[in-house]
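Colleague:
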Amino acid sequence: MLENVKIVLIETSHPGNIGATARAMKTMGLSQLTLVKPKLFPDPEASARASGADDVLQQATVCGSLDEALVGCEWVIGTSVRDRELPALLLDSREVGRMVAKRPLSLGAIVFGSERVGLTNEQLHHCHYHVKIPVNPVYGSLNLASAVQIICYEMRMAHMERLEKEQHEYEPLAKNEDMSQFYEHLENVLWQVDFLKKHQSHKSMLRLKRLFNRAQVEQREVNILRGILTAVESTLERGT
Ligand code: SAH
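Count the sequence shown with our numbering and you get residues 16 to 255, in order.
Laid out in structure tokens, this is it:
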């Protein structure tokens, strides 16, 4: 997913910001950088600010127009600090991450404006979505590379969330009958260790069931829980 996202910088004035952008991208796992009419590139200041991410700079593509930069993109998101009169669909930075995570295989671009003027309305019209990073309403203009860092971070978080969810979905959940046997076993053991008292045993068991239901217990986990209960029983039987 992250390798399919292009970061496009338009008419960047300070080469240091290009280097800092490369660094911001690489730390979050992105590598496709496209520069539209940069004022100074390549430049030693860009390489210095890229730190260990100069491979991103070396692979960067330089284009003469935004149209050229967006060839092959299936979705385009424009970033802007200013509210526009006729915005495209407006997203916040977290929503950008989620939206991109939903389309892991499609190629897309996130476009950033120049330090001095930002994105023009004409450039924003190339974008399907607009994103504004929620900032202090009285001072909201982030440094260009900081804005890139925040958007890339949100994409990374959403990507990781997605991977974790997939892994979790792959792990089979405990079956209903296994959970019923577990609850029966648990109740028996709780009586044996004198934890349950007559007047509140029913309520306590209901609360425990609610707790385990919330946890969405996996098959392997219910086996461990049953193992623990069996170990408690054997210790009780031995009287140790
Ligand atoms: N002076 C410009 C701001 C330039 S900041 C203006 O008034 O528009 C450089 C770039 O960083 C912007 O073009 C935008 O791409 C990005 N950026 C800065 N702050 C942002 C924010 N709060 N939300 C989204 N993008 C932001």
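Don't be surprised by glycine CBs; every beta carbon is placed ideally from N, CA and C.
Quick check: leucine 48 and alanine 61, are their CB atoms within less than 8 Å of each other?
Modeller: Sequence index remark: in the sequence shown, residue 48 carries index 33 (1-based). Sequence index remark: in the sequence shown, residue 61 carries index 46 (1-based). No, the Cβ-Cβ distance between leucine 48 and alanine 61 is not below 8 Å.
Colleague: Please tell me whether, using a cut-off of 7 Å, the distance from the CB of lysine 224 to the nearest non-hydrogen atom of ligand 1 is below it.
Modeller: Numbered from its first residue, the sequence shown carries residue 224 at position 209. For ligand 1, not one heavy atom lies less than 7 Å from the Cβ of lysine 224.
Colleague: Flag lysine 180 as yes when its Cβ comes closer than 7 Å to any non-hydrogen atom of ligand 1, and as no otherwise.
Modeller: In the sequence shown, the residue the question calls residue 180 occupies position 165. For ligand 1, not one heavy atom lies less than 7 Å from the Cβ of lysine 180.
Colleague: Three Cβ pairs or more, each shorter than 8 Å: is that satisfied between the region 90-110 and the region 64-78?
Modeller: Contact between the region 90-110 and the region 64-78 is absent: fewer than three C-beta pairs spanning the two stretches fall below 8 Å.
Colleague: Just to confirm the assignment, what range does the beta strand (DSSP E) spanning glutamine 47 have?
Modeller: As a first step, residue 47 is located in the sequence shown; it is residue number 32 there, counting from the start. Segment 47-51, the beta strand (DSSP E) holding glutamine 47.
Colleague: If you run the structure through DSSP and keep just helix, strand and coil, what is threonine 94?
Modeller: Translated into the one-based positions of the sequence shown, residue 94 becomes position 79. Residue state, collapsed to three classes: strand.
Colleague: Report the three-state DSSP secondary structure of tyrosine 144 (helix, strand or coil).
Modeller: If you number the sequence shown from 1, residue 144 lands on position 129. Note: tyrosine 144 maps to strand in three-state DSSP.
Colleague: Find the nearest neighbour of valine 237 within the set Asp193, Asp82, Gln215 and Leu223, judged by alpha-carbon distance.
Modeller: For the purposes of this step, residue 237 is taken as the residue at position 222 of the sequence shown. Checking every option, the nearest Cα to that of valine 237 belongs to Asp193.
Colleague: Mind checking who phenylalanine 197 pairs with in its DSSP beta bridge?
Modeller: Stepping through the sequence shown from its first residue, residue 197 is reached at position 182. Beta-bridge pairing links phenylalanine 197 to no other residue.
Colleague: Ligand 1 heavy atoms versus the CB of alanine 162: any closer than 7 Å?
Modeller: For this step, residue 162 is matched to residue 147 along the sequence shown. Because some heavy atom of ligand 1 lies under 7 Å away, the Cβ of alanine 162 counts as near it: yes.
Colleague: Over the uninterrupted alpha helix (DSSP H) stretch that includes leucine 251, give me the two end residues.
Modeller: Taking the sequence shown and counting its residues from 1, one reaches residue 251 at position 236. Run containing leucine 251: 234-253, per the alpha helix (DSSP H) assignment.
Colleague: Could you tell me the boundaries of the beta strand (DSSP E) in which glycine 123 lies?
Modeller: For the purposes of this step, residue 123 is taken as the residue at position 108 of the sequence shown. First-last of the beta strand (DSSP E) with glycine 123: 123-127.
Colleague: Could you please give me the residues that DSSP links to glycine 34 through a beta bridge?
Modeller: Along the sequence shown, read from residue 1 onward, the residue named residue 34 stands at position 19. None, per the DSSP bridge assignment.
Colleague: At a cut of 8 Å, does the region 218-229 reach the region 195-203 through at least three beta carbon pairs?
Modeller: yes
Colleague: Would you list the residues sitting across from lysine 21 in a DSSP beta bridge?
Modeller: Stepping through the sequence shown from its first residue, residue 21 is reached at position 6. Gln47 and Ala124.
Colleague: Following a CB-centred definition, is glutamate 137 positioned closer than 7 Å to any heavy atom of ligand 1?
Modeller: As a first step, residue 137 must be located in the sequence shown, where it is residue number 122. No, the beta carbon of glutamate 137 sits no closer than 7 Å to any heavy atom of ligand 1.
Colleague: Tell me the residue span of the alpha helix (DSSP H) that contains leucine 226.
Modeller: What you label residue 226 is simply residue 211 of the sequence shown in a count that begins at 1. Segment 216-230, the alpha helix (DSSP H) holding leucine 226.
Colleague: How about valine 150: is its Cβ closer than 7 Å to a heavy atom in ligand 1?
Modeller: For the purposes of this step, residue 150 is taken as the residue at position 135 of the sequence shown. True, at least one ligand heavy atom lies under 7 Å from that Cβ.
Colleague: Looking at ligand 1, does it come within less than 7 Å of serine 95, judged from the CB to the closest heavy atom?
Modeller: Residue 95 sits at position 80 when you count from the first residue of the sequence shown. With a threshold of 7 Å, the Cβ atom of serine 95 counts as near ligand 1, since some heavy atom of the ligand is closer than that.
Colleague: From Ala35, Ser28, Pro30 and Glu26, pick the residue whose C-alpha is nearest to that of isoleucine 165; which is it?
Modeller: Counting from one through the sequence shown, the residue named residue 165 turns up at place 150. The residue with the shortest Cα to Cα distance from isoleucine 165 is Ala35.
Colleague: Is valine 31 near ligand 1, going by C-beta to nearest heavy atom under 7 Å?
Modeller: Position 16 of the sequence shown, counting from 1, holds the residue named residue 31. The sequence shown places glycine at residue 31, rather than the valine named in the question. For ligand 1, not one heavy atom lies less than 7 Å from the Cβ of glycine 31.
Colleague: Could you pull the start and end residues of the beta strand (DSSP E) that leucine 105 belongs to?
Modeller: Here residue 105 corresponds to residue number 90 of the sequence shown, with the count starting at 1. Leucine 105 -> beta strand (DSSP E) spans 104-106.
Colleague: Measure the Cβ-Cβ separation of valine 23 and valine 126 and say whether it is below 8 Å.
Modeller: Residue 23 sits at position 8 when you count from the first residue of the sequence shown. Residue 126 sits at position 111 when you count from the first residue of the sequence shown. In this structure, valine 126 lies closer than 8 Å to valine 23 by Cβ.
Colleague: Residues in its own chain within less than 6 Å of glutamate 26 by CB, not counting five upstream and five downstream?
Modeller: Residue numbering aside, residue 26 sits at position 11 when the sequence shown is read from its first letter. Result list for glutamate 26: Lys52 and Ser129, in chain order.
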